[in-house]
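Engineer:
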Amino acid sequence: MLKIIDKTVGDVVICKIEGKLSGIEGKGVIQDKVHEFLNKNVNKFVLDLSKVSWIDSTGLGELIASLSSAKKKDGNLLLASIQAPVQSLLQMTNLNQIFEIFDTVEDALAELK
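Anchor point for the sequence shown: position 109 equals 1454 in my numbering, and the numbering is continuous, going up by one each time.
1) Roughly how many angstroms separate the alpha carbons of I1362 and V1387, rounded to a whole number?
2) Relative to the C-alpha of D1401, which candidate in Q1442, L1366, N1441, E1456 has its C-alpha closest?
3) For A1429, count the other beta carbons within 10 Å of its own beta carbon; 16 or more makes it buried, fewer makes it exposed. Which is it?
4) Nearest-angstrom Cα distance between G1355 and I1369?
5) What are the boundary residues of the beta strand (DSSP E) that includes G1364?
6) For the alpha helix (DSSP H) that contains F1382, what are its first and last residues?
7) What does a CB cutoff of less than 8 Å around K1452 pick up in its chain, not counting 5 residues either side in sequence?
8) Just the Cα atoms here: how many angstroms apart are A1415 and F1444?
9) Per DSSP, what are the beta-bridge partners of L1347 in this structure?
10) Beta strand (DSSP E) containing K1389: first to last residue?
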């Protein structure tokens, strides 16, 4: 089961995602969380992927749709602390060219300040 733990630091929402980011476990979950905060006029996000062990095409779609939603509201969505298998998939699909990716959540937060 995909789990998202969110906390707000200043005007940035950090979403720690735990589990497999797939169509089976997580379809719509990240988008729902992002829209929940966008509706509250919060538009800066850091997704902590340190506990995501697997991602499939549906999960990639979730990330892309969430980034698009944030950008439409003049915000941003950064990725942080990505495990090697997920990082490899982002590189193979060239999504590492679309997302801003940081080694740590702290580095991503510094970018958004």
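Note that beta-carbon positions come from the ideal geometry of N, C-alpha and C, so glycine has one too. Predicted, not measured: the structure shown is a model, and the values here were computed from it.
Structural biologist: This is what the structure holds:
1) For this step, residue 1362 is matched to residue 17 along the sequence shown. For this step, residue 1387 is matched to residue 42 along the sequence shown. Spanning the two alpha carbons is a distance of roughly 18 Å.
2) To locate residue 1401, count along the sequence shown from 1; it is residue 56. Sorting Q1442, L1366, N1441, E1456 by C-alpha distance to the C-alpha of D1401 places L1366 at the top.
3) Counting from 1 along the sequence shown, the entry for residue 1429 is found at position 84. A1429 comes out exposed.
4) The residue given as residue 1355 occupies position 10 in the sequence shown. The residue given as residue 1369 occupies position 24 in the sequence shown. Their Cα atoms are separated by approximately 33 Å.
5) Walking along the sequence shown from the start, residue 1364 turns up at place 19. That run of the beta strand (DSSP E) goes 1357–1366.
6) Along the sequence shown, one-based indexing puts residue 1382 at 37. F1382 -> alpha helix (DSSP H) spans 1374–1383.
7) As a first step, residue 1452 must be located in the sequence shown, where it is residue number 107. The sequence given here has Asp at residue 1452, not Lys. Sequence-distant Cβ neighbours of D1452 in its own chain, meaning closer than 8 Å and more than five residues away, are A1425.
8) As a position in the sequence shown, residue 1415 is number 70, starting the count at 1. As a position in the sequence shown, residue 1444 is number 99, starting the count at 1. In a straight line, the C-alpha of A1415 is about 12 Å away from that of F1444.
9) Locating residue 1347 in the sequence shown gives position 2, where the first residue counts as 1. Note: L1347 sits in no beta bridge, so no partner.
10) Counting from 1 along the sequence shown, the entry for residue 1389 is found at position 44. Its beta strand (DSSP E) spans residues 1389–1400.
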